[in-house]
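Numbering (this note's numbering), first residue to last: -8 to 250. Structure, as structure tokens:
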């Protein structure tokens, strides 16, 4: 069953990122939209939590099939969008020279393989795909990570690990919040993805009423709004963890399966 609250948050975060990138060209200068780049870290956390929930019983022997599914899910759509953007950016001339500048360079090669966040290479066609490359790296580590995460006691060792990782996430975001390649980009992805996985593990041991889940939701929304108001983008993903927990626990309170 689809978790509709999480789907709504994912749609909102995606729209936030889009407006952030288009804001300057359409005359949107509000601070809330300028901070839209922080929504990428919301996706890292959300991805870790959803995958941990859906593949909670994944064994290392099934890692190959898991990786294959991830690759088949990501690369075809990425290649179609990349080629389409190349032709759009070369319009209206569609000159051969313009296409060569877009296609025949190391930036495009790295982008096609989603390797650009690991090097100081920028794709002229689709630079924002760096986050997808980081996601793939997290997918590669997931089969090993989930084995350790599910062995943690939800309300003891997992809760302690989550608290420690939230502090690490805060330090990472304070230091690397705008980085899209190199160590900073990798740290953003790994920290957020790990927080999401541990949120799932801690949440699997909690039994809250719908009112308790609503409290988590209100805390998350107020915290994110506060981060925007204070121009503290690193606080936005951190408080989103509370909002995600509310969505997960609300579904659990309704006894509906989470996918």
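Glycine included, C-beta positions come from ideal geometry on N, C-alpha and C. These numbers were taken from a predicted model, which means no experiment stands behind them.
CA nearest to the CA of residue 166, picked from 1, 223 and 144:
Among 1, 223 and 144, the Cα nearest to that of residue 166 belongs to 223.
Could you compute how far the alpha carbon of residue 180 sits from the alpha carbon of residue 153?
Each residue's alpha carbon lies about 16 Å from the other.
If distances are taken between C-alpha atoms only, which option among 229, 186, 234 and 38 comes closest to residue 209?
If we check each option's Cα against that of residue 209, 234 comes out closest.
With a CB to CB cut of under 8 Å and the five nearest residues on each side skipped, what residues in its chain are close to residue 12?
For residue 12, where only same-chain residues beyond five positions count, the Cβ hits under 8 Å are 27 and 119.
State the Cα-Cα distance for the pair residue 73 and residue 146, rounded to the nearest angstrom.
Here the alpha carbons of residue 146 and residue 73 stand approximately 44 Å from one another.
Could you check the C-alpha separation between residue 44 and residue 70 for me, to the nearest Å?
If you take the alpha carbons of residue 44 and residue 70, they lie about 28 Å apart.
What are the start and end residues of the alpha helix (DSSP H) that includes residue 51?
Following the DSSP letters along the chain, one finds residue 51 in no alpha helix (DSSP H), marked with neither H nor E.
Would you call residue 57 buried or exposed, if buried means 16 or more other Cβ atoms sit within 10 Å of its Cβ?
With 16 or more other Cβ atoms within 10 Å, it is buried.
Which residue wins for smallest C-alpha separation from residue 30, given the options 236, 218, 200 and 237?
Closest option to residue 30, Cα to Cα, is 218.
Would you please state the rounded distance, in angstroms, between the beta carbons of residue 160 and residue 182? I believe it to be under 8 Å.
Indeed, because the Cβ distance is near 4 Å, the residues count as touching under 8 Å.
Please state whether DSSP places residue 221 in a helix, a strand or coil.
The answer is coil: DSSP assigns residue 221 none of H, G, I, E or B.
Closer than 7 Å to a non-hydrogen atom of the ligand PLP - does that hold for the CB of residue 195?
Looking at this structure, you won't find the ligand PLP or any other ligand, since it has none at all.
Residue 38 - containing alpha helix (DSSP H), residue span:
For residue 38, the enclosing alpha helix (DSSP H) stretches over residues 30 to 45.
Could you check what DSSP says for residue 107 in three-state terms: helix, strand or coil?
Under the three-state reduction of DSSP output, residue 107 falls in the helix class.
Just how far apart, CA to CA, sit residue 174 and residue 163?
If I take the Cα positions, the gap works out to 10 Å.
Do residue 143 and residue 202 have their beta-carbon atoms positioned less than 8 Å apart in this structure?
The answer is no: Cβ separation not under 8 Å.
Which listed residue (220, 226, 216 and 200) has its alpha carbon closest to that of residue 237
The candidate whose alpha carbon is nearest that of residue 237 is 200.
Of the residues 42, 7 and 2, the one placed nearest residue 190, counting alpha carbons only:
Comparing Cα-Cα distances from residue 190 to each of 42, 7 and 2, the minimum goes to 42.
What is the rounded straight-line gap between the Cα of residue 76 and the Cα of residue 99?
When the Cα atoms are used, residue 76 and residue 99 turn out to be separated by approximately 12 Å.
DSSP state of residue 145 mapped onto helix, strand, coil:
Coil at residue 145, not helix or strand.
Under a Cβ-count criterion, where at least 16 other Cβ atoms within 10 Å of its own Cβ denotes burial, should residue 250 be classed as buried or exposed?
With a pLDDT of only 35 at residue 250, under 50, the local geometry of the prediction cannot be trusted, and the value read off the model is given with reservation. Under this definition residue 250 is an exposed residue.
As a quick exercise: from 127, 171 and 33, pick the residue whose alpha carbon is nearest that of residue 65.
The option with the nearest alpha carbon to residue 65 is 127.
Any idea if residue 124 is buried or exposed, counting beta-carbon neighbours within 10 angstroms, 16 or more meaning buried?
Under this definition residue 124 is a buried residue.
Cut-off 6 Å between Cβ atoms - residues of its own chain near residue -3, not counting five sequence neighbours on either side
Scanning its chain for C-beta atoms nearer than 6 Å, with the 5 sequence neighbours on each side dropped, one finds around residue -3 the residues 238, in chain order.
Quick check on the DSSP output: the alpha helix (DSSP H) that includes residue 197 runs from which residue to which?
Careful: residue 197 lies outside any alpha helix (DSSP H) and carries neither H nor E.
Report the rounded CA-to-CA distance for residue 158 versus residue 78, giving the unit in angstroms.
If you take the alpha carbons of residue 158 and residue 78, they lie about 43 Å apart.
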